[in-house]
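What the sequence shown shows, in the UniProt record's numbering, is residues 1 to 499, in sequence order. Every residue gets a Cβ at the ideal spot worked out from N, C-alpha and C, and that includes glycine.
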Amino acid sequence: MLVTSNITTDVIIAISTIAIIIYFYVKHQYSYWKRLGVPQLKPTFPLGNYPFTLPKGLQIGAYTRRYYEAFKKLGAPYGGVYIGLTPTLVITDADVAKTILVNDFNNFTDRNMYSSKHQPVSVNLLSQTGKEWKAARAKFTSLFTTAKLRSFINFAATCKQDLVAYLDEFADGKKDVAIRRVTGLYVADVTTMILFGFHAHNFKSENKEINSFGRAVFESFTPLYQLKLLLTHCYPKLARFLGVGNVNKEVEDFGNVYIPNAVEYRIKNNIRGIDFLQLLIDAKKAGVELTMDEMVSQSFIFAAGGLETSASTSMVMLYELAKHKECQTKVREEIYRIREKYEGKTTYDSLMEHTYLQQVLNEVLRIYPFVTNLYRICVQDYNIPGRDLVIEKGTPLLIPLVGFHRDPDYFPEPLKFDPSRFDDKNDKQKGYLPFGAGPRNCVAARLGMIQSNLTVVAVIENYEISLSPKTPDTLEMCENSFTLSFKNEIFLNFKKIQN
Ligand code: HEM
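This is how it looks when you write it as structure tokens:
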């Protein structure tokens with residue numbers, strides 16, 4: 001039915017009306033925090049405050065420290081931003097963060113991580129919600145008991161020989177080494193054993209699939225993939241409706257082929273392992289409902305979580321030790337002392353005695369938290385104790401770890417590498433959350449620490465390391481990745497120690 005007698009005029013009226021409705025809707029939406037009396041950053045339609053540029057893209061990752069700094073400047077314990085059109089609360093006070101993550105966890109049980117039924121691999125422990133998450137978490141926590149961790153350490157000892165043989169080829173001034181590659185190959189060896197029960201010998205055969213897997217999860221950011229991620233972040237409902245996935249194809253294909261084959265092979269040949277895959281197979285045999293899609297998606301998140309986190313953390317530990325020779329000597333002396341006590345064996349108990357090494361790890365995770373943000377979603381209306389604000393059900397929350405960890409209010413001279421901050425095993429400092437906190441913290445924090453420390457022990461025990469002239473004195477963070485990554489490649493020189 002025409003409003004006027006002219007169709008062109010009618011079309012113009014219709015378009016203008018829609019534009020005006022959108023304008024007022026967006027204006028209303030973008031004043032959400034203001035209406036609640038919460039300071040907010042100025043949003044721009046359609047991305048709100050989400051950072052994005054092509055071709056390389058900015059990601060929400062380390063960028064969020066800018067949100068943090070803006071609200072801290074105002075002295076606010078929290079502030080509002082908009083991701084797309086969605087109002088998101090950024091927490092800048094360590095006590096408020098702790099209350100949300102730990103004390104009042106029941107109001108924040110879920111993480112606003114995108115998943116889509118069109119891409120089953122994306123439905124995993126990281127993204128699951130409610131009862132589904134609780135059941136999965138209970139199942140997988142049992143993989144990281146002290147008894148299991150003890151057997152995993154034997155795997156790491158097996159893989160050490162390959163690492164040393166590889167580094168010998170570069171040592172004593174022959175060539176400098178891109179250290180990320182070394183820690184990546186070693187952690188890939190150990191992780192493959194833990195998850196799938198076999199020694200991949202990545203240093204020798206470069207098991208291309210496993211080896212490229214970790215990096216592909218975090219770094220294969222082509223412009224098209226960036227655009228997909230942008231949509232899943234800013235407009236998740238639309239992304240789900242369009243069937244957009246947030247796991248890149250290379251990674252998805254790996255999981256879909258590799259894991260079902262491995263499960264089938266074990267069942268057919270009646271082979272048992274002490275590994276993650278066995279846990280899944282046993283659970284299924286014991287009657288736990290577990291589809292192949294679930295097996296693939298949970299293995300995916302454990303492989304993704306296990307590989308890149310520890311590889312990157314141990315890389316930075318080695319970088320800082322190469323820079324701070326006095327710390328390196330202290331770590332080495334500790335290694336030798338404990339090695340003697342345990343007659344050359346690396347065991348769970350011996351590793352737990354490396355208290356100075358643990359301080360180095362704590363300090364590295366403070367300055368360079370690999371997971372840059374914690375994410376939660378409010379699942380029932382919640383009044384922050386002692387504050388005026390009621391967080392509405394459905395509101396996403398963002399806790400910027402890089403912001404907290406580099407805040408001089410919590411850590412004086414925050415960019416100074418100083419392991420003595422963590423004397424007396426004190427890693428319970430205010431604002432220090434490298435593995436998150438509360439019931440939804442990192443399920444494998446102890447394994448992550450063990451893998452990182454073992455990698456460093458294997459290197460420092462056998463080599464004196466120093467920075468190559470190619471390596472800069474300060475590491476610059478990249479802002480085009482969700483997790484912490486650097487603009488510079490780190491090269492180190494190795495000098496063999498005759499043990
Ligand atoms: C240095 C190593 C690691 C660091 C720094 C790290 C950090 C984190 C952080 C900050 C979270 C979010 C916690 C929260 O929201 O409160 C997390 C969650 C998670 N991590 Fe780790 N992680 C590491 C190693 C690992 C390893 C080795 C695995 C697996 C083998 C793993 C698997 C996971 C999983 C599955 C979750 C989701 C847990 C849940 O929602 O229930 N992480 N990690």
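With a threshold of 6 angstroms (Cβ to nearest heavy atom), would residue i be considered close to the ligand HEM?
| i | result |
| --- | --- |
| A444 | yes |
| G306 | yes |
| T474 | no |
| R332 | no |
| R337 | no |
| L126 | yes |
| G448 | yes |
| S151 | no |
| I301 | yes |
| R181 | no |
| R35 | no |
| T9 | no |
| R137 | yes |
| V457 | no |
| F108 | no |
| S310 | yes |
| V96 | no |
| G436 | yes |
| T329 | no |
| L374 | yes |
| F486 | no |
| residue 502 | In the structure displayed, the chain extends from 1 to 499; residue 502 sits before or after that span and is not available. |
| V190 | no |
| F370 | yes |
Would you say the beta carbon of residue i comes nearer than 6 angstroms to a heavy atom of the ligand SAM?
| i | result |
| --- | --- |
| N441 | Absence of the ligand SAM from the depicted structure is noted, with the ligand HEM being the only ligands included. |
In the DSSP assignment, the alpha helix (DSSP H) including residue i goes from what residue to what residue?
| i | result |
| --- | --- |
| N362 | T355 to I367 |
| L492 | Unbroken run through L492 is the beta strand (DSSP E), F491 to K496; no alpha helix (DSSP H). |
| F152 | T146 to D168 |
| N270 | It is not in any alpha helix (DSSP H) - N270 carries neither H nor E in the DSSP assignment. |
| Q451 | A445 to I460 |
| H199 | Taken as a continuous stretch (DSSP letters only), H199 belongs to no alpha helix (DSSP H), as it is neither H nor E. |
| D10 | I7 to Q29 |
| A239 | P236 to L242 |
| Y32 | Y32 to R35 |
How far does the beta strand (DSSP E) with residue i in it extend, from its first residue to its last?
| i | result |
| --- | --- |
| Y463 | Y463 to L467 |
Please check if any C-beta of chain C sits within less than 7 angstroms of the C-beta of residue i.
| i | result |
| --- | --- |
| T9 | Protein chain content of the structure displayed is limited to a single chain, and chain C is not contained in it. |
Q.
Would the stretch 309-319 count as touching the stretch 353-365 if we require 3 or more Cβ pairs under 8 angstroms?
A. yes
Could you tell me which whole alpha helix (DSSP H) segments of length 4 or greater appear in the stretch 376-430?
401-405
- Can you list, in chain order, the stretches of the alpha helix (DSSP H) that have 4 or more residues and sit fully within the stretch 70-141? 94-98 and 130-141
Report yes or no: do three or more beta-carbon pairs, one from the stretch 251-258 and one from the stretch 284-303, lie closer than 8 angstroms?
-> yes
Check: Is it true that the stretch 8-25 meets the stretch 59-72, where meeting means three or more beta-carbon pairs spaced less than 8 angstroms apart?
Finding: Touching, no, given that fewer than three Cβ pairs across the two stretches are closer than 8 angstroms.
Fill in: Cβ contact check for the stretch 69-78 and the stretch 487-495: 3 or more pairs under 8 angstroms
no
- Inspect the CB distances between the stretch 465-477 and the stretch 289-300 and report whether three or more fall short of 8 angstroms. Counting C-beta pairs closer than 8 angstroms gives fewer than three between the stretch 465-477 and the stretch 289-300, which falls short of the contact rule.
- State whether the stretch 262-277 contacts the stretch 82-96, with contact taken as three or more CB pairs (one from each stretch) at a distance under 8 angstroms. no
(message) Please give me, in chain order, every unbroken run of the alpha helix (DSSP H) with length at least 4 that falls completely inside the stretch 281-362.
(response) Listed in chain order, the complete alpha helix (DSSP H) runs (minimum 4 residues) inside the stretch 281-362 are 292-323, 325-341 and 348-352.
- Task: Examine the Cβ distances between the stretch 136-156 and the stretch 429-449 and report whether three or more of them are shorter than 8 angstroms.
- Result: yes
- Query: Can we say the stretch 396-409 touches the stretch 432-440, given the rule of at least three CB pairs closer than 8 angstroms?
  - Reply: yes
Next item on the list: Kindly confirm or deny that the stretch 401-410 and the stretch 334-352 touch, where touching means at least three C-beta pairs closer than 8 angstroms.
Entry: Short answer: they don't touch.
The stretch 38-53 contacting the stretch 186-202, beta-carbon criterion three pairs below 8 angstroms: no
Quick check: the stretch 96-106 against the stretch 375-391, are at least 3 beta-carbon pairs closer than 8 angstroms? yes
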